[in-house]
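Participant: Here's a structure for you.
So this is what it looks like as structure tokens:
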């Protein structure tokens, strides 16, 4: 099952760090994934799990032991229906985000409505298993939140090869105590750590809350609690179109005032939703302008008073006569 020699690309990731390993397995389904984990456990070998290897923190770089690559667990398993009737898309963990987007652009769920998987990390070739494992976010998490909000169910292969199926709303902690039943009928029980998480965007450590949905414990756990084998993705209605608008401002006080005003107004329209709000300081703008010619970026000519910038992205529900987001942005900047 574990083969060698190992193709060199699987000994490194986007961090460019290179590691070593004794062998690599390419499971194609949950049964083969469980078998690989059981074999590694029986041999006492450490396991490095790999998705698309797009991370820049060397998390997919092996330091001895064996590699379990999910690159061939890349199938779309079809649409499903959630308990509330909401359409879901079931995928294997090695499925790239780009594949999901192409599929949703050309296929409709049973209700016939165009749908979208909204998490939008910087790297669109990231795998869905990796996105769930690190709770990936991105610019559009301003409106839609991180990946955690969009996972309805997981199948997880544990270190001993047993599997665990978790559905949102199906299993909760009692305070910080938890009990889970594996697919083989084995009971896992214990106590969650008491962690104080900041009330801001944060991806460090386990996501732990009293009485939490235990599905969320595995999302963002970086593969330390088990290997994701299947995911059910929540889908949202696809907007009629999207629009990106960039505003240049002279100073930091004006920029912060504009951000405050935009955050206050973001829920005031039925025709458009502010999905992304990104800030560029003078250093970032200099870097972009120095790279723009090579990258072919259509930036307007620089002006002395354009020292800061806000990039906003809007989801438009429908075309109509209502004021557009560009008008809203101009009015907000005037008021700010």
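Residue numbers (our numbering): 1 to 336.
Where a beta carbon is used, it is the ideal one built from N, C-alpha and C, also for glycine.
Would you call residue 141 buried or exposed, if buried means 16 or more other Cβ atoms sit within 10 Å of its Cβ?
Facilitator: By the 10 Å Cβ count, residue 141 comes out buried.
Participant: Which residue from 112, 116, 81 and 88 puts its Cα closest to that of residue 98?
Facilitator: With distances taken between Cα atoms, residue 98 lies closest to 116.
Participant: For residue 16 versus residue 53, is the C-beta distance shorter than 9 Å?
Facilitator: The answer is no: Cβ separation not under 9 Å.
Participant: Which residues does DSSP pair with residue 191 in a beta bridge?
Facilitator: Answer by DSSP bridge pairing, in chain order: 177.
Participant: Apply the 10 Å Cβ neighbour rule to residue 278 and answer buried if 16 or more other Cβ atoms are within range, or exposed otherwise.
Facilitator: With fewer than 16 Cβ atoms within 10 Å of its Cβ, residue 278 is classed as exposed.
Participant: For the beta strand (DSSP E) that residue 308 lies in, which residues bound it at each end?
Facilitator: Counting along the chain, the beta strand (DSSP E) containing residue 308 begins and ends at 308-316.
Participant: Give me the Cα-Cα distance between residue 342 and residue 283, rounded to the nearest whole angstrom.
Facilitator: What is shown of the chain runs 1 to 336, which leaves residue 342 out entirely.
Participant: Quick check: residue 21 and residue 82, are their CB atoms within less than 9 Å of each other?
Facilitator: Cβ atoms of residue 21 and residue 82: not closer than 9 Å.
Participant: Mind checking residue 160: buried by the 16 CB within 10 Å criterion, or exposed?
Facilitator: The residue in question, residue 160, is exposed, as its Cβ has fewer than 16 Cβ neighbours within 10 Å.
Participant: Taking 9 Å as the threshold (C-beta atoms), are residue 196 and residue 177 in contact?
Facilitator: Result no, Cβ atoms of residue 177 and residue 196 do not sit closer than 9 Å.
Participant: Quick check on residue 206: does DSSP put it in helix, strand or coil?
Facilitator: Three-state result, residue 206: coil.
Participant: Which residues share a DSSP beta bridge with residue 3?
Facilitator: Partner(s): 24.
Participant: For the beta strand (DSSP E) containing residue 232, name the first residue and the last one.
Facilitator: Start and end: 227-234.
Participant: Below 8 Å on the Cβ atoms is my contact criterion, and I expect residue 3 with residue 23 to pass it. Report the Cβ-Cβ distance as a whole number of Å.
Facilitator: About 6 Å; that satisfies the 8 Å criterion.
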